[in-house]
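In the working numbering, the protein residues as written are 12 to 277. Even glycine gets a Cβ: it sits at the ideal position worked out from N, Cα and C. Quick notes on the structure that follows.
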Amino acid sequence: MTTSNLSTEQRTFYAENGFIKLEQVFSGDEIAAFELAVSGAVSKLHKPDAVRPPNSDSDAYAAAFTQVMNIWCHDEAVRALVFDQRLARLATELMGVSGVRLYHDQALYKEAQGGFTPWHCDQYYWPLGNDNTVTVWIPLQDTPEEMGPLAFSAGSHRIDLGRNLPIGADSERIIAQQLDAHALPFVQPTFRAGDISFHAGWTFHRAGPNATDRPRRAMTVIYMEDGIRLKAPENPNQQVDWEAWCPGAQVGEPVATHLNPVLYRA
Ligand SMILES: O=C(O)CCC(=O)C(=O)O
12 MTTSNLSTEQ
22 RTFYAENGFI
32 KLEQVFSGDE
42 IAAFELAVSG
52 AVSKLHKPDA
62 VRPPNSDSDA
72 YAAAFTQVMN
82 IWCHDEAVRA
92 LVFDQRLARL
102 ATELMGVSGV
112 RLYHDQALYK
122 EAQGGFTPWH
132 CDQYYWPLGN
142 DNTVTVWIPL
152 QDTPEEMGPL
162 AFSAGSHRID
172 LGRNLPIGAD
182 SERIIAQQLD
192 AHALPFVQPT
202 FRAGDISFHA
212 GWTFHRAGPN
222 ATDRPRRAMT
232 VIYMEDGIRL
242 KAPENPNQQV
252 DWEAWCPGAQ
262 VGEPVATHLN
272 PVLYRA
């Protein structure tokens, strides 16, 4: 058996806190090359409101972002990042599973002076039958505090503080109150180009505004356990996600469509 890329302390940290930041997984040069590829694809592919239907509660969120999903289907260089074996193995080891498949990728570009990303948890959107899901957040430049790096509520994946809330003004208000009441630590790391973070599907997270005059560019990949089953959608967003990211998957069956390739098997 090959040695883990992660220490026992790192795996324990992730299990307890629901997120982890890892330093210098990529070199600055690798990130610069990925930035060019992702930015090129974003300019070509961006279609406002392509997937998520406009929702009056998501105004603050929509204003903050350019979002482009499943770029791997359109661009070879971005595909290399999404299929990167270091990342997929880290995702596998953090979750303690035997392999991972792709749920979808997503570029998240926040404009200069763009607003905050409200508190939310991702798995609210996913019609997936267990908790073995994780997102890697890969900033494509140095991301100091004033640029709005991703921030986490440590340990919030263990408690249902508002898992039925879509991202928006209500989730920001209600989840902030809940996190306060439970006195969960707020952790806002800063990132150098090459640093990344992983967060679990039920971990509550947000990002501050981008107060700089430069865009805050990030790429994400969502991994799910190989073998995870589709559940019947519990909200309209999960229905939309089923059709977009695992079309043809059957409720109760493993999610393994052509859009969900295996990215790593131990
Ligand atoms: O990039 C951001 O501001 C938010 C990212 C996020 O919510 C995610 O990757 O799940």
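C-alpha gap between residue i and residue j, whole angstroms
i: D153; j: A243; result: 40 Å
i: P129; j: W256; result: 23 Å
i: T214; j: E87; result: 31 Å
i: G259; j: E157; result: 42 Å
i: G125; j: F76; result: 8 Å
i: D206; j: L172; result: 29 Å
i: N81; j: S15; result: 28 Å
i: V49; j: H210; result: 21 Å
i: H57; j: C84; result: 14 Å
i: E183; j: H115; result: 24 Å
i: R97; j: F45; result: 15 Å
i: E41; j: N248; result: 34 Å
i: S67; j: E122; result: Since pLDDT at S67 reaches only 44, below the 50 mark, its modelled position is unreliable, and the value read off the structure follows with that caveat. When rounded, the distance between both Cα atoms is 21 Å.
i: E252; j: L270; result: Here the sequence assigns Asp to residue 252, which means Glu is not the residue at that position. Taking the straight line from one Cα to the other gives about 12 Å.
i: G212; j: D133; result: 5 Å
i: R276; j: L17; result: 16 Å
i: P64; j: Q250; result: Interpretation of P64 is limited by its pLDDT of 46, a score under 50 that renders its predicted location unreliable; no figure is taken from the coordinates.
i: A165; j: T231; result: 20 Å
i: G51; j: Y120; result: 12 Å
i: V273; j: G110; result: 8 Å
i: T23; j: V108; result: 14 Å
i: H216; j: M235; result: 19 Å
i: S38; j: K55; result: 26 Å
i: W148; j: I31; result: 10 Å
i: T223; j: F127; result: 13 Å
i: E264; j: V198; result: 37 Å
i: P155; j: G140; result: 36 Å
Nearest-angstrom Cβ-Cβ length linking residue i and residue j, presumed shorter than 8 Å
i: A229; j: P150; result: 5 Å
i: A218; j: G159; result: 5 Å
i: L176; j: H131; result: 7 Å
i: Y135; j: R174; result: 6 Å
i: V266; j: R227; result: Going by Cβ atoms, the distance from V266 to R227 rounds to 31 Å, so no, they are not a contact pair.
Reference residue i; option with closest CA among the options
i: T146; options: L101, E183, V198; result: L101
i: T201; options: N221, G140, A192; result: N221
i: R112; options: R174, I233, E254; result: I233
i: V36; options: L92, L47, P226; result: L92
i: A26; options: D40, I42, E41, M106; result: M106
i: D142; options: R227, H216, R169; result: R169
i: T268; options: G238, R276, N246, N248; result: G238
i: L190; options: E264, Q134, I178, S167; result: S167
i: G29; options: H193, A118, T144; result: T144
i: A187; options: A162, S208, R203, A204; result: A162
i: R203; options: E20, E34, L17, S18; result: E34
i: Q261; options: I178, F197, P196, P138; result: P138
Distance cut-off 8 Å: residue i Cβ against heavy atoms of ligand 3
i: Q249; result: This structure simply doesn't include ligand 3; it includes ligand 1 instead.
Considering only residues of the stretch 168-210, which uninterrupted beta strand (DSSP E) runs meet the minimum length of 3 residues and lie entirely inside it, listed in chain order?
Counting only runs of 3 or more residues that sit fully inside the stretch 168-210, no beta strand (DSSP E) segment turns up.
Where are the beta strand (DSSP E) runs, 3 residues long or more, that stay fully inside the stretch 74-141, in chain order?
You should have 76-80, 110-121, 128-131.
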